[in-house]
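K.L.:
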Amino acid sequence: MAAPGDAKERERARAALIGGVYSNHVALAEVLADARRRGIEECYCLGDLGAFGPHPDRVFPILLDYRVRVVQGNYDHSIGNRRDDCACGYTDPRDNHFARLSYRYTFDRTSDRWKDWLRDLPVRLDFSLGGKRVHLCHGSPRRTNEFLWESTTPDPFLRKLFAATGADVIACTHTGLHWQRELEDKLFVNAGVIGRPENDGTTEVGYTIIEAAPERAAGVRAEHVRVAYDHARLAAEMREENLPAEFIATIETGWWTSCLEILPGKERARGRF
Amino acid sequence: MTAALLPPGELDTLWFQVGGTLCNLACEHCFISCSPENESLPLMTLAEIEPYLAEAEALGVKEYYLTGGEPFIVKELEAIVARILRQGPVSVLTNGTLVTQARAARYAQIAAAVPYTLEFRVSIDGFDAASNDAIRGAGSFEKAMRGVAALVERGFLPIITATQVWEPERDGEVVGGFFRELRARGYARPRLKILPRLKIGAEEKRTGGYAAEERITPEMMEGYDAAQLLCHSARMVSRRGVHVCPILVEDPRGFLGRSLARSMVPYPLEAQACYTCYLYGAICSNASSRVAADAAGY
Ligand code: SF4
Ligand code: SF4
Ligand SMILES: [Fe+2]
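Quick note, the sequences are listed as chains F and D, same order.
Going by our numbering, the first sequence opens with residue -18, and the numbers climb by one from there.
Going by our numbering, the second sequence opens with residue 3, and the numbers climb by one from there.
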C-alpha cells in the first residue's frame, strides 16, 4: 500500500479488477488492452490464474507486462504449494474427474519459477481509491475458497465482513459470476471471471472497473464491462492440448457444462444445464 | 475418556426445527425418530422464530435451513419462509410428499420477490418405489416424486437427498438410477446429494448403533480442519431453544440455552454421531461435503 501523501496515491481514481483467469491468456490480453484504451493504469487480478484453459505459463508474462498486482486464489495456492489437488471438493464424480484432469494438466505445465511466484502471492491487497479503503480478496475476506454468490450472500453477512475488514469496498471473484451491491455507505463487488463466459449463452467475458464517485454513499462506483475476445483461438488451443470437450463447449457456447453443483438454485436456474 | 473440545467459529448457518419431531412419515432410518405421534419437540411458530432472527441478523448469519420432522406440516410455513427470505437464503428440508402444485406455485411467487435463493431438499432413499418405500413407507415414493415434479414445474431445482442405505459398491448404479428416473419425470438437470447414515434414533434400532471405539478422541482432532464440522459454524433452534447442531436435537448434551450469541462456545465432541461428521464433513449442508476450508484469516 502506498504511503499517504504519495502523489500516485492521491491521483488514483480508477482501477480495473480482473477475476479468475483460468489460463485464458487470450482474454487476459484483450481485457488488459481494453483497460489501457480506457486510460486505466491500475489493474488488479483477484486470483485463480490456472485451471480450465491451455498453456498455463502464458498468463504470467502478460500480467507482468501490464504490471498487474495479483491476489492469490485457491488454485494458485494449491499449485504454488505443490498440492496434489485443487481442493475444489466436488462430489459429482464427473466434475471430480474433470477437475482432476485440468489440475494435473495445469500443474504439469506450470514452470517451477511460476509455481514459486504463485506460492508467494498475497491473500489480500488493500489500497485507497478516492480516499476510500478498498479490500481485494479471492473468495471472501475470511476464506480464500468461500463462494460469495449474489443469492447466498445476505446483507447482514456482508455487514459483518465490512466490520471485520474496516473496508469501504470489498471485491472478490471465485464464483465465476459477477454482481455488486451497495449497502449503506459500503460497496461489495464480485468482479466475475475472465477465464470463461458467465453461463449466459454468450462467449464474452467481463471485468469490473471501480471508480471514485463522491456522489455515491460508498464514494466508489463499480461498472462491469463485457469484452469480446478471440474465443475461437482459445478453443483451438484447448483442442490441440486435448483438454476436455466439455470445457471447450463452455468457451464456444457460453454455457457452463461442468461443476454446476456449486451453483445455488437461483443462479443455476438461469443457465442451460 | 476426555472428549475433543471444538472451538467455535462464526455463526454462518442457522437451522430451525420448525416441524419439531412431527412427520407424516415414520422412516425406519430417521435419526430423530420422527413420526405422526412423536411430539417430544413441537412445531414452531413465526413468533417463536422472530427473536432468533433478530439475533441472527446482528450476528451476520449467512444461510438458513428449515427442517423437522416435516416442515410442510407447519401451517405458517409460507409466512416463515417469506419472512426469513427477507434476511437471507433459505433451504427447506422436506420429504416432498406434501408439496402440491398449488403450494409449489405460491413458493415460486415468494422466491421471485427476493434476491436470495430458496432451495428445497427432498429426501428420497431409492430410485424406485420398492427400495424407497421399504424405508420411508408405502406410497411415499410416488408422492415425493409428484412433489419434486411440482417444484420443477415452477422453476425450482430441488436437491434430491438420499441416505446411503445401500451398499457403497452400488453407488454408481443408484446414482444412475436416480438420474434416469428423475429425468423421465421431467426433471432434466437433477441435483443429487448422498448422505451417510447416522446411527442414532430409529436408525440405531434398524442396524445397530455405533461401536464403542467409534468416537472422536482429542488426538484425532490434531491437524484436522475443524471447519469441516457443521457445529463449527452452525446452530439449531427448536421450540426448546438452541442446540449445537441439527443432529443432536434430542440429545440433552446438545442443548445450549436460549441465546445464539452465547451458544458459540467450545463444544465437547462426545456424542457418537460426531464420529460420522468427522468422517464425512459437514454432511447436512447443501454444498458438497468435502470442501476443504483454507482459512486465510482476516
Ligand atoms: S427421515 Fe424425514 S421424512 Fe422420514 S420420518 Fe424422519 S423427518 Fe420424516
Ligand atoms: S454431531 Fe456433528 S455437528 Fe453435531 S456436535 Fe457432533 S460433530 Fe458437531
Ligand atoms: Fe477460486
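Where a beta carbon is used, it is the ideal one built from N, C-alpha and C, also for glycine.
Measure from the C-beta of ARG50 of chain F to each C-beta in chain D and report whether the shortest distance is under 7 Å.
P.N.:
No - not a single Cβ of chain D is within 7 Å of the one on ARG50 of chain F.
K.L.:
Is the Cβ-Cβ distance between ALA144 of chain F and HIS159 of chain F less than 7 Å?
P.N.:
The answer is no: Cβ separation not under 7 Å.
K.L.:
Answer yes or no: does any C-beta atom of chain D fall closer than 7 Å to that of GLY246 of chain F?
P.N.:
Chain D, which has a Cβ nearer than 7 Å to the Cβ of GLY246 of chain F, makes this yes.
K.L.:
Give a yes or no on whether the minimum CB-CB distance between TYR341 of chain D and chain F is below 7 Å.
P.N.:
Nothing can be reported for residue 341 of chain D: it is not among the residues displayed for chain D, which extend from 3 to 300.
K.L.:
Distance cutoff 7 Å, beta carbons only. Does LEU232 of chain D sit that close to anything in chain F?
P.N.:
No, no contact with chain F.
K.L.:
Rounded to the nearest angstrom, what separates ARG50 of chain F and ALA10 of chain F at their Cα positions?
P.N.:
Using only the alpha carbons, I get a separation of about 15 Å.
K.L.:
Please give me, in chain order, every unbroken run of the alpha helix (DSSP H) with length at least 4 that falls completely inside the segment 126 to 201 of chain D.
P.N.:
Listed in chain order, the complete alpha helix (DSSP H) runs (minimum 4 residues) inside the segment 126 to 201 of chain D are 131 to 138, 142 to 155 and 173 to 186.
K.L.:
Identify the residues that DSSP records as bridge partners of SER109 of chain F: which are they?
P.N.:
Its beta-bridge partners are F:ARG114.
K.L.:
Going along the chain, which residues of its own chain have a beta-carbon closer than 7 Å to the beta-carbon of GLU50 of chain D, five neighbours each way excluded?
P.N.:
ARG241.
K.L.:
Considering only heavy atoms of ligand 3, list every residue whose Cβ is less than 7 Å from one of them, following chain order.
P.N.:
Residues flagged by the Cβ proximity filter: F:GLY1, F:GLY28, F:ASP29, F:GLY54, F:ASN55, F:TYR56, F:HIS119, F:GLY120, F:ASN126, F:THR154 and F:HIS155.
K.L.:
What's the call for PRO42 of chain F, buried or exposed, on a 16-neighbour Cβ count within 10 Å?
P.N.:
Exposed: under 16 other Cβ atoms inside 10 Å.
K.L.:
According to the Cβ coordinates, are VAL52 of chain F and LEU142 of chain F closer than 7 Å?
P.N.:
The answer is no: Cβ separation not under 7 Å.
K.L.:
Can you confirm whether LEU13 of chain D, when its beta carbon is compared against all beta carbons of chain F, has any partner nearer than 7 Å?
P.N.:
So no, LEU13 of chain D is outside the interface.
K.L.:
Would a C-beta distance cut-off of 7 Å place ALA8 of chain F and TYR210 of chain F closer than the cut-off?
P.N.:
Yes. Within cutoff.
K.L.:
From this set, F:ALA198, F:ASN223 and F:THR156, which residue's C-alpha is nearest PRO178 of chain F's C-alpha?
P.N.:
If we check each option's Cα against that of PRO178 of chain F, F:THR156 comes out closest.
K.L.:
Sorted by chain position, which residues of the same chain lie with C-beta nearer than 6 Å to PHE180 of chain D's C-beta, five sequence neighbours on each side aside?
P.N.:
Within the same chain, PHE180 of chain D has close Cβ partners PHE129 and LEU194.
K.L.:
Can you list, in chain order, every residue whose CB sits closer than 5 Å to a heavy atom of ligand 1?
P.N.:
Listed by chain position, these are D:CYS25, D:LEU27, D:CYS29, D:CYS32, D:CYS36 and D:ASN97.
K.L.:
With 9 Å as the limit, tell me which residues of the segment 127 to 159 of chain F have their beta carbon closer than that to any beta carbon of chain D; keep them in chain order.
P.N.:
Per Cβ criterion, the list reads GLU127, PHE128, TRP130, GLU131, SER132, THR133, THR134, PRO135, ASP136, PRO137, PHE138, LEU139, ARG140, LYS141, LEU142, ALA144, ALA145 and THR146.
K.L.:
Regarding ALA275 of chain D and ligand 2, is the C-beta to nearest heavy atom distance less than 6 Å?
P.N.:
Checking every heavy atom of ligand 2 against the Cβ of ALA275 of chain D, one is found closer than 6 Å.
K.L.:
Could you name the residues of the same chain whose beta carbon sits closer than 8 Å to that of ARG182 of chain D, not counting the 5 residues immediately before and after it, in chain order?
P.N.:
Cβ within range, chain order: PHE129.
K.L.:
Applying a beta-carbon distance threshold of less than 7 Å, which residues of chain D neighbour ALA250 of chain F?
P.N.:
The contacting residues are GLY157 and LEU159.
K.L.:
Closer than 7 Å, CB to CB, is ASP296 of chain D near chain F or not?
P.N.:
Confidence at ASP296 of chain D is low in this model, with a pLDDT of 26, below 50, so its placement is unreliable and the value that follows should be read with caution. At least one chain F Cβ lies under 7 Å of ASP296 of chain D.
K.L.:
Would you identify the three-state DSSP class for ASN171 of chain F, choosing helix, strand or coil?
P.N.:
Strand at ASN171 of chain F.
K.L.:
Please decide whether PHE254 of chain F counts as near chain D, where near means a Cβ-Cβ distance under 7 Å.
P.N.:
Output row for PHE254 of chain F: interface = yes.
K.L.:
Sorry if obvious, but does the Cβ on ILE21 of chain F come closer than 6 Å to a heavy atom of ligand 2?
P.N.:
False, no ligand heavy atom lies under 6 Å from that Cβ.
K.L.:
Any heavy atom of ligand 2 within a distance shorter than 6 Å of the CB on VAL244 of chain D?
P.N.:
Incorrect: VAL244 of chain D has no Cβ contact closer than 6 Å to ligand 2.
K.L.:
Can you find a heavy atom of ligand 2 that lies under 6 Å from the Cβ of ILE34 of chain D?
P.N.:
It does not: the Cβ of ILE34 of chain D is nowhere closer than 6 Å to a heavy atom of ligand 2.
K.L.:
Ligand 2 and LEU258 of chain D: does the residue's C-beta get closer than 6 Å to at least one heavy atom of that ligand?
P.N.:
No.
K.L.:
Less than 7 Å between the beta carbons of VAL159 of chain D and ARG64 of chain F, yes or no?
P.N.:
With the sequence shown as reference, residue 159 of chain D is identified as Leu, and Val is not the correct amino acid for it. In this structure, ARG64 of chain F does not lie closer than 7 Å to LEU159 of chain D by Cβ.
K.L.:
Cβ atoms of ILE191 of chain F and VAL206 of chain F: under 7 Å apart, would you say?
P.N.:
No, Cβ-Cβ distance for VAL206 of chain F and ILE191 of chain F is not below 7 Å.
K.L.:
Run through DSSP, which three-state label would TRP160 of chain F get?
P.N.:
DSSP places TRP160 of chain F in strand when its eight states are reduced to three.
K.L.:
With 7 Å set as the bound, which would you pick, yes or no: does the beta-carbon of PRO91 of chain D sit closer than that to a beta-carbon of chain F?
P.N.:
Taking Cβ atoms only, chain F reaches closer than 7 Å to PRO91 of chain D, which makes this a yes.
K.L.:
Are the CB atoms of TYR118 of chain D and GLY90 of chain D within a distance shorter than 7 Å?
P.N.:
In this structure, TYR118 of chain D lies closer than 7 Å to GLY90 of chain D by Cβ.
K.L.:
Would you mind sorting SER235 of chain D into buried or exposed? The rule is 16 or more other CB atoms within 10 Å of its CB.
P.N.:
Classification of SER235 of chain D: buried, given that the 10 Å Cβ count is 16 or more.
K.L.:
Is GLY34 of chain F near TYR56 of chain F, with beta carbons less than 7 Å apart?
P.N.:
Going by C-beta atoms, GLY34 of chain F is not nearer than 7 Å to TYR56 of chain F.
K.L.:
Whole alpha helix (DSSP H) runs in the segment 9 to 64 of chain F with 4 or more residues, listed along the chain?
P.N.:
With a minimum length of 4 residues, the continuous alpha helix (DSSP H) runs that stay inside the segment 9 to 64 of chain F are 40 to 46 and 55 to 61.
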